[in-house]
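A.B. asks: Pasting a structure here, questions to come.
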Amino acid sequence: MRTAFDAQDAYRLMVRMRLVDTALTAAWADGLVPGEYHSGIGEEGVNAGVLLHLGPEDALALDHRNTAPLVGRGTDPESLMLEVLGSDRGLNGGMAGHMHLVDPAVRAAADGIVGASGPLAVGAATAARALRPGSVAVAFHGEAAMNQGMLMEAYNLAVAWNLPVVFVCKDNRWSITTRSAQVTAGSPVRRARAFGLAVERARGQDVRHVHAAAGRLVHRARAGRGPGLLHVTCHRPDGHFEGDPIVRMLRDPLGQAKVLLPGLVAAVRDDTGRGLRDRGHGVAVLGGRVGRAARDWALASHTDPVRRGRRLLPEEDAGRIEDTELERIGAAAGRARAAVADRAVFGAGARGGTR
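Each residue of the sequence shown is one higher than the one before, counting from 679 in our numbering.
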């Protein structure tokens, strides 16, 4: 736990998280991950900026995009990767998958149900106030989770009981494949303030900015001055999950056009349902979403928190951190893959597909 920003510590955390997620997305593409995989690539600045303020007595409640913050919190990378790959040697005996990971050793737990991190953090904060005074609970969630009733209830209780909770809203402006503004009234910041939460804002691609804003809220909560919400913008270049249909379209427009165009043409021609104008409008809406995704995707290199974090260090220091973490995480990933090498593959790997 640090109060002053340390560029080396921040960059080390971000590199470690990126390498683990990169290893797991590659494993997913090779069919080694049962089910979906939601990577945290693009959120490293948010994770590191917050985690650097937390000590061993603090609690962490995570959403379905949890592998990166768990690694940043101190969970053993190999144990985590084995769990995501479905091995009984994994962190939770191969029973949690990647969305419900739990590591009691670092007081961190995740729930794949959207919005569930809020109640988890409120429960942890209630216990902490009695058992570990001065500690805080932090909940990570996306902006779309603010449409879930249980998260609103968590905000309410946190304020009503003056709990030491910090909610971290990671806003990438997408609710899976729908723009959040199309399905959400108001704004996350105004909603949080309406409950009486103290609010800070930060640019998720700038780990220093996140660290400063998170520090103000964590310090406030530790001092017993009430809960807060950190609203951070972020960009995830891989979409909602590995194999995201919009990202596939952007990466392979010609190949995906061959797959999707026949169905789109048939839908427009089908006159058994809505009229031609409505059918055309539906195609236009889809095109608009792809266009907005293309614009966001083009910004990936400019909003990459790891790349930006590297600029904070001398070249020699950054290279040393990268070499050390690559050796460590690469070896862990190799051992995890070897542990499931004799098992049948899933999904894209079974079909011979790619990300």
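C-beta atoms are modelled at their ideal positions from N, C-alpha and C, and glycine is treated no differently.
#1: For T753, which of R881, G775, L907 and A787 has the nearest alpha-carbon?
#2: Provide the residue(s) that pair with L740 in DSSP beta bridges, ordered along the chain.
#3: Taking M695 as the reference, which of M759, P797 and A880 has the closest Cα?
#4: To which residues of the same chain is D781 closer than 7 Å at the C-beta, ignoring the five residues directly before and after it?
#5: May I have a chain-ordered list of the alpha helix (DSSP H) segments no shorter than 4 residues that lie completely inside the region 706–736?
#6: Specify the secondary structure class of A823 as computed by DSSP and reduced to three states.
#7: Helix, strand or coil for F1024? Go by DSSP, reduced to three states.
#8: Would you mind stating whether L991 and A685 have Cβ atoms separated by less than 8 Å?
#9: Is it buried or exposed for T1002, if we count other Cβ within 10 angstroms and need 16 for buried?
#10: Where does R903 land, buried or exposed, given buried means 16+ other C-beta within 10 angstroms?
#11: What does the alpha-carbon distance come out to for the pair R988 and G723?
#12: DSSP three-state call for H897: helix, strand or coil?
#13: Count the other CB atoms, across all protein chains shown, that sit within 10 Å of the CB of A701; report buried if there are 16 or more and exposed otherwise.
#14: Work out the CA separation of A815 and T681 for me, nearest whole Å.
#15: List the endpoints of the continuous alpha helix (DSSP H) containing A1016.
#16: So F845 is in the beta strand (DSSP E); what residue range does that whole segment cover?
C.D. replies: Let me lay it out:
#1: A787
#2: A788
#3: M759
#4: L748, T753 and L769
#5: 722–729
#6: helix
#7: coil
#8: yes
#9: exposed
#10: exposed
#11: 11 Å
#12: helix
#13: buried
#14: 17 Å
#15: E993 to A1017
#16: V843 to D849
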